[in-house]
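Student: Please read through the structure below; I'll follow up with questions.
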Amino acid sequence: MQSIPFKKHLDNYSPFILLLLLILVIWESAVSLHLIPAFILPAPSSICIALIEHRQLLRQHLLATLEEILAGFVLSVICGALLGTGMFLFRPLEKAIYPFLIISQTIPIIALSPIFIMWFGYTPWSKVAVVFLTAFFPVVVSTYDGLRTSGQAYKDLLLTFGANRWQLLAKTQIPLALPTFFSGLKLSIVYCVIGVTIGEWLGGSKGLGYFSRRMAGNIQSAEIFAAVFLLSALGVVLFLMIALLEALFLKKRGSKR
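The working numbering runs 191 ahead of the 1-based position in the sequence shown.
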């Protein structure tokens, strides 16, 4: 019985798998036939060899990157959910804060990373700050929009039973906002990988972004692509974990998208 969902997903994504295999074969063949210089685009086999040869070092950098991502993501979820809820409950707060949130997204993260390095030094906290700023906006907006678009019919029904504002929030508005909230989390966790890479590239002493910068200085393209592959795989795994948490949580509460 457990193999049925797996087979269903396999059937759904079989075109993607076939296309991916085709791309890898063409890629490997192009490099092997010297149609593409290996120092510009290393073959997939060379990237696999780099992953194996540097597995110990890559594992250390991967764990450092993961710690920075999780720290920034958790902070962004806590602060973003609280601020989004506050903006929904108190309109003056929404009118005062929302423009600043929009302005914050017009500032390139790569320009702020050196400032965080000046503030926090070459410590993990400078990268956590970049991750937090990258992931914060989607959480706030998804929380606020989810609460704002919660069902009016359920609200009117509870009001007829004498429910107060906090009961409305707990019984209808928060549960109905969960699908939108989790959509924001999935977007946020992907942004976290981008943010931590920028932070590590510009001022890190460990992490996959730092590793790729070192390899770029030595023109070791296979090692660079190995780090990029791990960053991409990490983003996919974290995204799937949030999606799994969403499915389990919404199923438990009986919510439907």
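Positions of the beta carbon are idealized from the N, C-alpha and C atoms, including for glycine.
How would you call F373, buried or exposed, if buried means at least 16 neighbouring beta carbons within 10 angstroms?
Tutor: It counts as buried.
Student: Which word fits W310, buried or exposed, when buried means at least 16 other C-beta atoms lie within 10 angstroms of its C-beta?
Tutor: Answer is exposed; the Cβ neighbour count stays below 16.
Student: Between R282 and V331, what straight-line distance do the alpha-carbon atoms span, to the nearest angstrom?
Tutor: Roughly 15 Å separates the two Cα atoms.
Student: Spatial neighbours of F323 within its chain, please: C-beta separation below 7 Å, excluding the five flanking residues on both sides.
Tutor: Correct list, in chain order: G263, L266, S267.
Student: With DSSP as the reference, label T297 as helix, strand or coil.
Tutor: Here T297 sits in coil by DSSP.
Student: Should the region 217-226 be called in touch with the region 272-291, which here means at least 3 C-beta pairs below 8 Å?
Tutor: These segments do not touch.
Student: From the DSSP output, in three-state form, read off Y401 for me.
Tutor: Reduced to three states, the DSSP call for Y401 is helix.
Student: Between D336 and the rest of its own chain, which residues show a CB-CB distance below 7 Å, the 5 nearest in sequence each way excluded?
Tutor: Here the set comprises T371.
Student: CB-CB under 6 Å to L338, same chain, minus the five flanking residues each way: which ones, in chain order?
Tutor: Correct list, in chain order: F279, Q364, A368.
Student: Hey, out of I217, V319, L376, whose CA is closest to L431's CA?
Tutor: Checked all of I217, V319, L376; the closest Cα to L431 is L376.
Student: Going by DSSP in three states, A229 sits in which element: helix, strand or coil?
Tutor: Coil, per DSSP.
Student: Could you work out which residue in V428, I301, L249 is closest to G398 when comparing CA atoms only?
Tutor: Considering only alpha carbons, the answer is L249.
Student: Secondary structure at N203, three-state DSSP: helix, strand or coil?
Tutor: Helix, per DSSP.
Student: Distance check for L439 and G400, CA to CA, integer angstroms please.
Tutor: Between G400 and L439, the C-alpha separation is close to 33 Å.
Student: DSSP on L224, reduced to helix/strand/coil?
Tutor: Coil, per DSSP.
Student: Among F328, I298, E258, which has the Cα closest to the Cα of W316?
Tutor: That would be E258, whose Cα lies nearest to the Cα of W316.
Student: So, does the region 268-275 touch the region 412-427, judging by three or more C-beta pairs under 8 Å?
Tutor: Not touching, per the Cβ criterion.
Student: Helix, strand or coil for I433, going by three-state DSSP, please let me know.
Tutor: If DSSP states are grouped into helix, strand and coil, I433 belongs with the helices.
Student: Reducing DSSP to helix, strand and coil, say where A326 ends up.
Tutor: Here A326 sits in helix by DSSP.
Student: Could you have a look at F281 and say whether DSSP puts it in helix, strand or coil?
Tutor: The answer is coil: DSSP assigns F281 none of H, G, I, E or B.
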